[in-house]
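Worksheet: the structure to be examined is printed underneath.
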Amino acid sequence: SVVEKQAQMLHIIVTYWKRGLQAIKNGTTLIKLRKIKVYQDIIKMKFSIPNENLSGLDKIEARLERSMDQMEALHA
(Lines of atoms letter the chains of each structure in order from A and count residues from 1; the text may use other names and numbers.)
(Lines give C-alpha, C1' and ligand atoms only; values in the text may rest on other atoms or scores of the structure.)
Protein backbone atom coordinates (compact mmCIF):
# COMPACT_ATOMS: atom_id res chain seq x y z
CA SER A 1 0.00 0.00 0.00
CA VAL A 2 0.99 3.63 -0.33
CA VAL A 3 1.25 4.09 3.45
CA GLU A 4 3.55 1.06 3.77
CA LYS A 5 5.71 2.40 0.96
CA GLN A 6 5.95 5.82 2.61
CA ALA A 7 6.87 4.26 5.95
CA GLN A 8 9.55 2.08 4.39
CA MET A 9 10.97 5.00 2.38
CA LEU A 10 11.13 7.09 5.55
CA HIS A 11 12.92 4.25 7.33
CA ILE A 12 15.52 4.12 4.53
CA ILE A 13 16.04 7.89 4.65
CA VAL A 14 16.43 7.88 8.44
CA THR A 15 18.85 4.94 8.21
CA TYR A 16 20.93 6.86 5.64
CA TRP A 17 20.90 9.92 7.89
CA LYS A 18 21.85 8.06 11.09
CA ARG A 19 24.53 5.91 9.51
CA GLY A 20 25.82 8.86 7.49
CA LEU A 21 26.08 11.03 10.59
CA GLN A 22 28.10 8.32 12.32
CA ALA A 23 30.30 7.91 9.23
CA ILE A 24 31.02 11.65 9.18
CA LYS A 25 31.95 11.53 12.86
CA ASN A 26 34.38 8.73 11.96
CA GLY A 27 36.06 10.71 9.17
CA THR A 28 33.98 10.21 6.04
CA THR A 29 33.12 13.29 4.00
CA LEU A 30 29.65 14.30 2.84
CA ILE A 31 30.93 14.07 -0.73
CA LYS A 32 31.79 10.39 -0.20
CA LEU A 33 28.36 9.75 1.32
CA ARG A 34 26.69 11.22 -1.75
CA LYS A 35 28.87 9.21 -4.12
CA ILE A 36 27.74 5.79 -2.91
CA LYS A 37 25.80 4.14 -5.73
CA VAL A 38 22.67 3.52 -3.67
CA TYR A 39 22.31 7.28 -3.01
CA GLN A 40 20.74 7.85 -6.44
CA ASP A 41 18.38 4.92 -5.86
CA ILE A 42 17.27 6.50 -2.59
CA ILE A 43 16.57 9.79 -4.36
CA LYS A 44 14.53 8.06 -7.09
CA MET A 45 12.79 5.38 -4.99
CA LYS A 46 9.44 7.19 -4.80
CA PHE A 47 9.05 6.98 -8.56
CA SER A 48 11.13 3.92 -9.44
CA ILE A 49 9.49 1.43 -7.05
CA PRO A 50 5.83 0.60 -7.75
CA ASN A 51 3.37 0.78 -4.84
CA GLU A 52 2.36 -2.84 -5.43
CA ASN A 53 5.88 -4.29 -5.22
CA LEU A 54 7.82 -3.07 -2.22
CA SER A 55 10.56 -5.69 -2.52
CA GLY A 56 12.56 -3.08 -4.43
CA LEU A 57 12.71 -1.01 -1.26
CA ASP A 58 14.07 -4.02 0.63
CA LYS A 59 16.84 -4.27 -1.96
CA ILE A 60 17.66 -0.57 -1.64
CA GLU A 61 17.81 -0.88 2.14
CA ALA A 62 20.09 -3.92 1.94
CA ARG A 63 22.40 -2.12 -0.51
CA LEU A 64 22.45 0.92 1.76
CA GLU A 65 23.43 -1.19 4.77
CA ARG A 66 26.20 -2.92 2.77
CA SER A 67 27.53 0.40 1.45
CA MET A 68 27.60 1.94 4.90
CA ASP A 69 29.25 -1.17 6.36
CA GLN A 70 31.99 -0.90 3.72
CA MET A 71 32.45 2.80 4.39
CA GLU A 72 32.71 2.17 8.13
CA ALA A 73 35.31 -0.54 7.53
CA LEU A 74 37.45 1.94 5.60
CA HIS A 75 37.39 4.45 8.44
CA ALA A 76 37.56 2.08 11.41
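For what it's worth, this note's numbering labels the leading residue of the sequence shown as 9, then goes sequentially.
Ideal Cβ placement from N, Cα and C applies to all residues, glycine included.
Quick caveat: nothing in here was measured; it's all calculated off a predicted structure.
field: Whole-Å CB distance - Met-79 paired with Thr-23, under 8 Å assumed
entry: Met-79 to Thr-23, Cβ: 13 Å. No contact.
field: Nearest to Ile-51 (by Cα), restricted to the options Glu-60, Asn-59, Asn-61, Leu-65
entry: Ile-51 has its Cα closest to that of Leu-65, out of Glu-60, Asn-59, Asn-61, Leu-65.
- prompt: Taking the C-alpha atoms as reference points, what is the distance between Arg-47 and Val-11?
  reply: Inspection of the sequence shows that residue 47 is occupied by Tyr rather than by Arg. If you take the alpha carbons of Tyr-47 and Val-11, they lie about 22 Å apart.
- request: Could you tell me the distance, in whole angstroms, from the CA atom of Leu-18 to the CA atom of Lys-43?
  value: One C-alpha to the other measures close to 20 Å.
- prompt: Can you name, in chain order, every residue of its own chain whose Cβ lies under 6 Å from the Cβ of Arg-27, other than the five neighbours on each side?
  reply: Result list for Arg-27: Met-76, in chain order.
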